[in-house]
Every structure is written in structure tokens, then in C-alpha cells.
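In full-length UniProt numbering, the protein residues as written are 1 to 72. Just so it is clear, CB atoms sit at the ideal spot from N, CA and C, and this is done for glycine as well. Computed from a prediction, not measured in an experiment: that's the story for all the values here.
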């Protein structure tokens with residue numbers, strides 16, 4: 001499990017709480033919190049929604065997984 005501190009930091013620069021952001025994405029706050037904690041990874045569609053709102057690349061959610069797979 002790899003925490004996504006960057007996700008929390010960027011969200012906070014937008015002055016949004018986890019609850020606000022989850023509502024905007026139409027997901028339960030527990031689901032969004034699990035993304036920030038690195039427990040779960042959003043679907044590609046949700047990653048793209050997050051990326052559009054936060055002005056980041058959506059692939060950042062999957063970079064770690066790609067590195068793990070390519071090193072096997």
C-alpha cells in the first residue's frame with residue numbers, strides 16, 4: 001500500500017474536503033479516502049475525472065503499478 005499524499009495536498013490547495021471531493025465525483029467518501037490512503041485505486045474513468053478537476057495527469061494513479069509489473 002502506497003499512500004498518495006500528493007492527492008491530499010493537491011485537493012487541499014483547492015480548499016476541498018474529502019467529503020466535498022467525493023460528492024463532486026459521485027462516490028462515497030470512504031471510497032475517495034481509500035484512494036488517498038493508497039488502499040484502493042480508482043477506475044480509469046474516475047482517475048480521469050479526478051485529473052480533470054485537479055489539473056493532473058490521470059496516469060499518475062497507475063504509475064506505481066506499471067513499475068511493479070515491468071520489474072517482474
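How would you call residue 35, buried or exposed, if buried means at least 16 neighbouring beta carbons within 10 angstroms?
Classification for residue 35: buried.
Pick out the complete alpha helix (DSSP H) segments inside the UniProt domain "HTH cro/C1-type" (7-61), 4 residues or longer, and give them in chain order.
Runs found: 18-25, 29-37, 44-54.
Could you tell me the alpha carbon to alpha carbon distance between residue 57 and residue 48, rounded to whole angstroms?
So the two alpha carbons sit approximately 8 Å from each other.
Can you give me the Cβ contacts of residue 61 inside the same chain, cut-off strictly under 7 Å, excluding the 5 residues immediately before and after it?
Excluding five sequence positions before and after residue 61, the CB atoms of its chain that fall closer than 7 Å to its own CB belong to 41, 42, 47, given in chain order.
Using a threshold of 8 Å, state whether the C-beta atoms of residue 5 and residue 21 are closer than that.
No Cβ-Cβ contact shorter than 8 Å links residue 5 with residue 21.
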